Amino acid sequence: MPVTDRPRPEPHQVQVGGPRPYTVHVGAGLLSVSDVARAGIPQTRRALIYPADLPGEWLHAAQSCLQPELSIMVPPRDECKTLEVFGRVLSQLASAALPRDSAVVGLGGGAVTDLAGFVAASYLRGVAYYSLPTTLLGMVDAAVGGKTGLNLPEGKNLVGAFYPPSAVWADTSTLATLPPATFREGAAEAYKHGLIADPTLLPQILDPNFGALSPSLAATIAQAIQVKADIVSRDLTEQGERAYLNFGHTLAHALEGYTHQALPHGDAVGYGMHYAALLSRAMNKGKDQAEGSDLTPHTAAFLRYQNPQPLPPALLQPGAFEALWPYMNRDKKADSQGVRFVLLRGLAQPYLARVSEDVLRSELAVWQNDVHSVKGC
Ligand code: GLY
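In the numbering used here, the protein residues as written are 2 to 378.
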């Protein structure tokens, strides 16, 4: 039976509010003629941007449902988020004389949807943008919330725009074609949403049956997206609470910078969430604490589940703080008075705080110990 004719449950829908509201559709089999056409991309002239490593079946499914005038292949993962690739894609749109009422569609992981969104934001000062994420990380984080952009040699995501999509279709059947490690990488962002806002997500993600084939996958993904949708609906441009979505990201960005992006983002977030939980515990000490304010058992349990790629040995030895601090200090969340960390007073109780160098150092040593015991190295 062709993929388009299989009976499927109705997709979950998450509404994102704010200045340009849109719907995120989540379900198995959305990359098919009937669903996407029914949901509707009204623009008839479309450019599809996809990564070189996208499985052919998803490219063909998207091409047959979208009938794009242009299909533009870009390098995989963060290799596509460069000024050079950005310029090349814009030139292809201009050479085809795509008009202002056309649409750019990003199909693939978070890096490609970041690039495609920024292309849409920039071409002719803005054309319609649609996102079709095919990785768990792309679905629960990158495709929702309108952050689009590129990396510079000086750092990640230093160029970009807030440019919300007109709609998102997250076809969960694409996840079954990913390596299990890529699925677990993406689970970090969903787990983060559980820690900062919706703790009922935590046991769902750690459930041994949670995976690309689990029947409740689309429901769990939609629930994780709902956390981000609620936050970005209230704070699109990160004037306040959107910063909580960066829980675990200060160390994560440092680990990615130190490894020249060899460590995948979700793995770095897994490591970074445990450090942020240790900092939270240290900062909460001595305060009038609610029971359950030590979240390190949750973040350690996630590290065990995720089994992230190993770190360079130097990061688990003395001297690691000196190696990582310059990267943490130049994180985008740093202001002129230095870096602020997203911490938790308890589950779903995030706040921003500056942390003294003494605490950062001593908790990095605890983190190294914990990583040693989780990774057995
Ligand atoms: N990935 C964090 C955010 O979208 O704000």
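C-beta: ideal position from N, C-alpha, C; glycine also. None of the values given here were measured: they were computed from a predicted structure.
Closest by C-alpha distance to T260, when choosing among A48, L151 and L312:
Nearest of A48, L151 and L312 to T260, Cα basis: L312.
Of the residues P154, A48, L71 and E11, which one's Cα is nearest the Cα of E80?
Looking from the CA of E80, the closest CA among P154, A48, L71 and E11 belongs to P154.
Could you check whether the region 84-93 touches the region 19-38, counting it as contact only if at least three pairs of C-beta atoms, one from each stretch, sit closer than 8 Å?
Under the Cβ criterion (8 Å, minimum of three pairs), the region 84-93 does not count as touching the region 19-38.
Backbone secondary structure at F303 - three-state DSSP
Here F303 sits in helix by DSSP.
On a Cα-Cα basis, can you pick out the residue from L218, Q227 and D54 that is closest to Q113?
Strictly speaking, residue 113 in this sequence is Val, with Gln absent from that position. Closest by alpha carbon: D54.
For Q64, report the span of its beta strand (DSSP E) as first-last.
Per DSSP, Q64 belongs to no beta strand (DSSP E); it is in the alpha helix (DSSP H), G57 to L67.
Anticipated Cβ contact below 8 Å, E70 with A97, distance rounded
Rounded to the nearest angstrom, the Cβ distance from E70 to A97 is 6 Å, consistent with a contact under 8 Å.
Which whole-angstrom value is the C-beta distance of V27 and I206, which I expect to be below 8 Å?
Not really, about 16 Å apart at Cβ, beyond 8 Å.
Would DSSP call M2 helix, strand or coil?
Confidence at M2 is low in this model, with a pLDDT of 39, below 50, so the placement of that residue should be treated as unreliable; the coordinate-derived value is given next. If DSSP states are grouped into helix, strand and coil, M2 belongs with coil.
So the candidates are L99, V106, I197 and P165; which of them puts its Cα closest to the Cα of A277?
That would be I197, whose Cα lies nearest to the Cα of A277.
In three-state terms, what does DSSP make of K193?
Helix, per DSSP.
Restricting to Cα atoms, I'd like to know which of G287, H61 and L99 is closest to S121.
Reading off the sequence, residue 121 comes out as Ala, not Ser. Comparing C-alpha distances from A121 to each of G287, H61 and L99 shows the shortest one belongs to L99.
D172, enclosing beta strand (DSSP E) - first and last residue:
Run containing D172: A168 to D172, per the beta strand (DSSP E) assignment.
Would you decide whether N330 is buried or exposed? Buried here means 16 or more other CB atoms lie within 10 Å of its CB.
N330 should be labelled exposed.
Hey, quick one: how far does the beta strand (DSSP E) through I42 stretch, first residue to last?
Careful: I42 lies outside any beta strand (DSSP E) and carries neither H nor E.
How about D115: is its Cβ closer than 7 Å to a heavy atom in the ligand GLY?
Incorrect: D115 has no Cβ contact closer than 7 Å to the ligand GLY.
Ordered along the chain, which non-local residues of its own chain (more than five positions away) have a Cβ less than 7 Å from that of R235?
Leaving aside the five residues that flank R235 on each side, the residues in its chain whose CB is nearer than 7 Å to its CB run, in chain order, E242.
Find out if the Cβ-Cβ distance for the pair V233, V375 is shorter than 8 Å.
Not closer than 8 Å, so no.
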